[in-house]
Amino acid sequence: MSPTLHIWPGRDPARAVRVWPDPEALDPGAIEEAQEHLFVLAGAPGASEADLLIDELPLEALRAPEPDGARWRWLPGFHAGVVECRLRLPGASHRFEVTTDPAVRKLSRDAFDTMVREVLEDTFALFALSPFRKGVARGAGRRPPPIARLEFLRSRMAALIQTIRAIDARPRRVLQAQDDLTPFWRAGRATAPEVLKSFRSGMLLAESGLPRLPPALKGHVPATIRRSVRRPSLDIPAHRQMKASLESWARWLESVAVVLRSSLPEDPEDGRMARVWAQRTRLMARDMRRLLSLPLFSEVSQGQPRPDASPIWRGEPQYRRFAALHRDFSRGVAEVFGEFLQMPLARTFDLYELWAYLRLVRASIERFGADGVDVSGLFEAGKGVTLAAGQAVVRLPAAGVALCFQRRYREYWLEKDGCGSFSREMRPDVAVEALDGAGRLIVLDAKYRIGAGLNDALASAHMYRDALVVADGEGSVRQLVSAAYLLSPASPIIAGTWSDAPMPGRLFHPAYRGQFRFGAVSLAPGMSAAQIGLALDAILQDAEVSGEGASN
């Protein structure tokens, strides 16, 4: 009996599904977050010494009733629809992926990639408005890149490999003129210009015996005839640029692996992630090197590592795909840093907070203009394109507001302006503060998923609205928050009155938000700038109507 590994969703053996080898498909929703599941190994000699790791983190082993079996307990929190597993058996180690929910996997992967792409785009755009100057399109250096950037690059590898192999199967060729050296006695089809050209170099043979050559040759003929022929060639500018790009990315990934290995953080969790990504970047670089060994690049010379304005990048579908992938890789290898980018796919909800803030900042600047805007608070001085680690503030004088990211509100009696909490220190994800000094605030709490955690999400919004106050100078206080909203990528269908809508859709109803200055606003990865602008208007509208917010 060969060893097999099954997962028991909810510890129920009747729902067991094989995950290794020859994995079976799990039913959508079978793996629920915050619920306990079991991995069960059977038929494995030496199973008592086996270990199971998910994302290189060992699972808790349980006592198995069979001598050739093993069990592990898994309590997932937020999961992105797929986990990477490694089963260590005596004398062997097996790596495989477990797709816990194909739909969640696709949504989480797409959302994560979109958010990383848009975070990098927004960072570049906002950095251009700052007084700092720094080159960003260079190598790894001595500073390990953030995990989110590596996760983004890794997600593009499958598409890159597929695209390059498709081009290798049907590449674009060009006819190039080459000199073909042929002995004179085999050059019966040589033209007069080719014969005359061959006189310029090489050995000449003198005719002996009965003259048979044309008089113009004066009894001599070249020993080798240099003929001009046209042969198909793969050495075109597009292939040179592809080859140079792959070589550049492979070197970058190899250097990143060295940096990650040589500068392991002291924190055990951070050190584990660094080791995991050092291995992954080495594998990615190895895949790049395999692509470079394809016949497509065997006769291609060196070029610039970027596509030019040639029509081939727009006219040929596979070449167009490579150009799009090149843009993604260029964003991923650019020198953009920040603590908020140190997160893998499994922490998509953390990345959503930063993404939502940057999207709102950029939409605000496009909506109200860049006059008087100071974005230097987004970046750490002297560290290039490094997002500040907290309390970032962007002031928009034209809008009359300031957008704050994770600003800390201490007890109000400790603050100079009297604005703070009456209970404990609080740090909302995004805060919109009025600049008129009247002490008005809109609190935005980013929640990537509010379905299962609806009660907790509502509790945090109520907490911010009720606990943040401002002192009036006479010993009394009043509420500081004029509106509190949840930000979520969910987009429920809203019909009828808000009182008839079920939760959580009721929170998104415009009439509900307008009446209570409380609810939720849709902010999803991939939304256009115009849609983000509409969401921003919806956020500011209630405060404007009540006379307690920013005016435009």
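Throughout, our numbering is defined as the position within the sequence shown, counted from one, plus 608. Glycine is no exception: its CB is placed at the ideal position from the N, C-alpha and C atoms. Source: prediction; values computed, not measured.
Per-residue DSSP class, three states only, for Gln1087
In the displayed model, Gln1087 falls within a strand according to three-state DSSP.
Between the CA atoms of Pro611 and Gly618 - distance to the nearest angstrom
Roughly 22 Å separates the two Cα atoms.
Need the endpoints of the beta strand (DSSP E) that Ile662 sits in, please.
Taken as a continuous stretch (DSSP letters only), the beta strand (DSSP E) holding Ile662 covers Asp659 to Ile662.
Top-ranked residue by Cα proximity to Asp1145, from Tyr1072, Ala798, Leu1022 and Val1009:
For Asp1145, the closest alpha carbon among the candidates Tyr1072, Ala798, Leu1022 and Val1009 is that of Val1009.
DSSP on Gln926, reduced to helix/strand/coil?
Of the three classes helix, strand and coil, the one that applies to Gln926 here is helix, per DSSP.
In whole angstroms, what separates the C-alpha of Arg1018 from that of Val1038?
Going from the Cα of Arg1018 to the Cα of Val1038 covers about 16 Å.
Between which two residues does the alpha helix (DSSP H) carrying Ser863 extend?
Looking at the DSSP string, the run of the alpha helix (DSSP H) that includes Ser863 is Pro845 to Ser870.
Buried or exposed: His1117, going by 16 or more other Cβ atoms within 10 Å of its Cβ?
Around the beta-carbon of His1117, 16 or more other beta-carbon atoms lie within 10 Å, marking it buried.
Work out the CA separation of Asp730 and Ala886 for me, nearest whole Å.
Ala886 and Asp730: Cα-Cα distance of roughly 28 Å.
If Leu812 sits next to Ala831, beta carbons under 8 Å apart, how far is it from one beta carbon to the other, in whole angstroms?
Yes, they are in contact, since the Cβ atoms of Leu812 and Ala831 sit about 7 Å apart, within 8 Å.
Ordered along the chain, which non-local residues of its own chain (more than five positions away) have a Cβ less than 6 Å from that of Ser1096?
Around Ser1096: Lys1055, Ile1058 and Ala1128.
What does a CB cutoff of less than 8 Å around Asp788 pick up in its chain, not counting 5 residues either side in sequence?
If we look at Asp788 and ignore the five residues flanking it on each side, its Cβ neighbours are Arg834, Arg835, Ser836 and Val837.
With a cut-off of 8 Å on the beta carbons, I'd call Ala669 and Ala655 a contact; round off their distance for me.
Rounded, the Cβ-Cβ distance is 10 Å, inconsistent with contact.
Drop a sphere of 10 angstroms on the beta-carbon of Met1111, count the other beta-carbons inside from all chains shown, and report buried for 16 or more, exposed for fewer.
Under this definition Met1111 is an exposed residue.
Could you name each continuous alpha helix (DSSP H) segment of 4 residues or more that falls completely within the stretch 876 to 943, going from the start of the chain to the end?
Taken in chain order, the whole alpha helix (DSSP H) runs of length 4 or more contained in the stretch 876 to 943 are 876 to 900, 920 to 923 and 925 to 941.
Quick check: what's the CA-CA separation for Arg780 versus Trp857?
Roughly 23 Å between the two C-alpha positions.
Hey, out of Val1089, Gly1083 and Phe720, whose CA is closest to Phe760's CA?
Of Val1089, Gly1083 and Phe720, the residue nearest in Cα terms is Phe720.
Along the chain, where does the beta strand (DSSP E) containing Phe1013 start, and where does it finish?
Note, Phe1013: beta strand (DSSP E), Val1009 to Phe1013.
If you check the beta carbons only, do Pro752 and Leu665 fall under 8 Å apart?
It is not a contact, given that the beta carbons lie outside the stated cut-off.
Find the nearest neighbour of Thr722 within the set Leu818, Ser972 and Arg967, judged by alpha-carbon distance.
With distances taken between Cα atoms, Thr722 lies closest to Arg967.
Please classify Glu1082 as buried or exposed, where buried requires at least 16 neighbouring CB atoms within 10 angstroms.
Label assigned to Glu1082: exposed.
By how many angstroms is the C-alpha of Asp663 removed from the C-alpha of Leu899?
Approximately 27 Å between the Cα atoms of the pair.
Residue ranges of each alpha helix (DSSP H) run of no fewer than 4 residues wholly in the stretch 1097 to 1137, ordered along the chain?
Scanning the stretch 1097 to 1137 from its first residue to its last, the whole alpha helix (DSSP H) runs of 4-plus residues come out as 1118 to 1124.
Entirely enclosed beta strand (DSSP E) segments - the stretch 609 to 671, minimum 3 residues:
Within the stretch 609 to 671, the complete beta strand (DSSP E) segments of 3 residues or longer fall at 612 to 616, 625 to 628, 645 to 650, 659 to 662 and 668 to 670, listed in chain order.
Under DSSP, the alpha helix (DSSP H) around Ala824 begins and ends at which residues?
From DSSP, Ala824 is part of no alpha helix (DSSP H); its letter is neither H nor E.
Along the chain, where does the alpha helix (DSSP H) that runs through Leu1043 open and close?
Element bounds for Leu1043: n/a, residue is neither H nor E.
Determine contact between the stretch 813 to 821 and the stretch 764 to 781, defined as no fewer than three beta-carbon pairs at a distance below 8 Å.
In this structure the stretch 813 to 821 does not lie against the stretch 764 to 781, because fewer than three pairs of beta carbons, one per stretch, are closer than 8 Å.
When you compare the CB positions of Ala971 and Gly1141, do they come within less than 8 Å of one another, or not?
Contact: yes.
Identify which residue in Pro873, Met892, Ala931 and Met850 has its Cα closest to the Cα of Trp911.
A quick correction: the sequence has Gly, not Trp, at residue 911. Of the candidates Pro873, Met892, Ala931 and Met850, the one whose C-alpha sits nearest the C-alpha of Gly911 is Met850.
Quick one: Cα of Thr1105 to Cα of Tyr960, how far?
Between Thr1105 and Tyr960, the C-alpha separation is close to 30 Å.
Under 8 Å between the Cβ atoms of Leu1131 and Val1089?
The Cβ atoms of Leu1131 and Val1089 lie no closer than 8 Å to each other.
Where does Ile1147 land, buried or exposed, given buried means 16+ other C-beta within 10 angstroms?
Buried, since its Cβ has 16 or more Cβ neighbours within 10 Å.
Nearest-angstrom Cβ-Cβ length linking Phe647 and Leu660, presumed shorter than 8 Å
6 Å between Cβ atoms; contact.
Have a look at the DSSP bridge pairing and note the partners of Tyr1020.
Secondary-structure assignment with DSSP links Tyr1020 through no beta bridge to anything.
Which same chain residues end up closer than 6 Å to Ala795 when comparing Cβ atoms and leaving out the 5 residues on each side of it in sequence?
A distance below 6 Å between beta-carbons, with the five flanking residues on each side excluded, links Ala795 to the following residues of its chain, in chain order: Ile833.
Between the C-alpha atoms of Ala846 and Phe905, what's the straight-line distance to the nearest angstrom?
Looking at the two C-alpha atoms, the distance is approximately 11 Å.
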